Amino acid sequence: MKVSQIAQILRAEVRCGEENLDLDISYAVASDMMSDVLVCNDADRLLITGLCTVHTVLTAQILDLRAVVFVRSKRPTPEMIEVAQQNGIAILCTDMSMYNACGELYKHGMKGRARPDGTD
């Protein structure tokens with residue numbers, strides 16, 4: 143699923159990383175605990191989170207993720223946007239809850255992957 147489709151499905155505002163809108167994302171992981179996110183290493187994943195901190199963007203950088211969705215009306219700081227831009231990470235913001243965002247993406251065919259062994 144393309145990042146642009148994800149933005150449309152989630153009615154999300156693209157805050158930076160417009161150059162990534164045509165990238166394909168195969169899997170999504172949703173968590174507010176970055177330690178849970180770090181156990182998977184698929185670069186073509188989308189991070190869905192309500193943890194709106196620079197550490198979230200740095201976690202995405204470490205994992206070479208190309209897109210992060212902030213849920214629950216969270217908005218990134220200028221510092222977060224700067225770090226994301228420097229690392230080629232798209233930042234999307236939606237008013238949806240994490241539960242609803244995940245449900246909408248699942249309904250449209252997005253797969254989840256939350257374990258290092260490649261299982262859901």
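In my numbering, the protein residues as written are 143 to 262.
From the three backbone atoms N, C-alpha and C, an ideal C-beta is built for every residue, glycine too.
The model shown is predicted, which means the values in this text are computed figures rather than measured ones.
Enumerate in chain order the residues of its own chain whose CB-to-CB distance from residue i is below 7 Å, with the five nearest sequence positions on each side excluded.
{"i": "residue 198", "result": "176, 191 and 210"}
{"i": "residue 151", "result": "246, 247 and 250"}
Return helix, strand or coil for residue i, following the three-state DSSP convention.
{"i": "residue 167", "result": "coil"}
{"i": "residue 200", "result": "helix"}
{"i": "residue 211", "result": "strand"}
{"i": "residue 192", "result": "coil"}
{"i": "residue 251", "result": "coil"}
{"i": "residue 218", "result": "coil"}
{"i": "residue 244", "result": "helix"}
{"i": "residue 177", "result": "helix"}
I'd like to confirm the pairing. Which residues does DSSP put opposite residue i in its beta bridges?
{"i": "residue 156", "result": "234"}
{"i": "residue 144", "result": "166"}
{"i": "residue 187", "result": "169"}
So, at 6 Å on beta carbons, what are the nonlocal neighbours of residue i in its own chain, with the 5 sequence-adjacent residues on each side left out?
{"i": "residue 203", "result": "229"}
{"i": "residue 193", "result": "174"}
{"i": "residue 172", "result": "190, 240 and 244"}
{"i": "residue 155", "result": "235"}
Considering only C-alpha positions, which residue in the set the options is nearest to residue i?
{"i": "residue 163", "options": "145, 201 and 238", "result": "145"}
{"i": "residue 218", "options": "157, 180 and 252", "result": "157"}
{"i": "residue 215", "options": "242, 225 and 208", "result": "242"}
{"i": "residue 169", "options": "224, 220, 188 and 232", "result": "188"}
{"i": "residue 224", "options": "151, 159, 178 and 149", "result": "159"}
Can you give me the Cβ contacts of residue i inside the same chain, cut-off strictly under 8 Å, excluding the 5 residues immediately before and after it?
{"i": "residue 196", "result": "219, 221, 222 and 225"}
Please tell me whether residue i and residue j are closer than 8 Å, where the distance is taken between their beta carbons.
{"i": "residue 238", "j": "residue 143", "result": "no"}
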